[in-house]
Amino acid sequence: LPLPELLRVLGFQPPSSPEGGNIPSPFTKGRKQKTPSFSIFSKDGSWGFCDRTGGKEMTGDEIVFLELLE
Numbered sequence: 001l002p003l004p005e006l007l008r009v010l011g012f013q014p015p016s017s018p019e020g021g022n023i024p025s026p027f028t029k030g031r032k033q034k035t036p037s038f039s040i041f042s043k044d045g046s047w048g049f050c051d052r053t054g055g056k057e058m059t060g061d062e063i064v065f066l067e068l069l070e
């Protein structure tokens with residue numbers, strides 16, 4: 001599944017636009033964030049994400065997202 005659809009299937013609302021907009025990180029396990037730190041992007045027909053939770057930067061595709069989530 002493309003990343004936006006994968007997020008929906010897993011119960012997360014994807015950012016409204018792949019060109020911008022952040023949502024709370026799916027990796028915070030329910031903890032609230034002051035500033036949403038998760039974004040998605042599309043490049044050359046492929047999807048990716050960037051998450052800047054806790055001072056770290058994690059990036060990847062749908063497979064990396066699932067690995068980090070589990």
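For the record, in the sequence shown the residue sitting at position 29 is 29 according to my numbering, with numbers rising by one throughout. Virtual Cβ for every residue (Gly too), placed ideally from N, Cα, C.
Taking Cβ positions, are residue i and residue j nearer each other than 8 Å?
i: F12; j: P26; result: yes
i: P4; j: I23; result: no
For residue i, is the classification buried or exposed, using 16 other Cβ atoms within 10 angstroms of its Cβ as the cut-off for buried?
i: I40; result: buried
i: L7; result: buried
i: D44; result: exposed
i: S46; result: exposed
DSSP beta-bridge partners for residue i?
i: K43; result: S46
i: T35; result: T35 is not bridged to any residue.
i: I23; result: F38
i: G60; result: F49
Go ahead and pull the three-state DSSP assignment for residue i.
i: T53; result: helix
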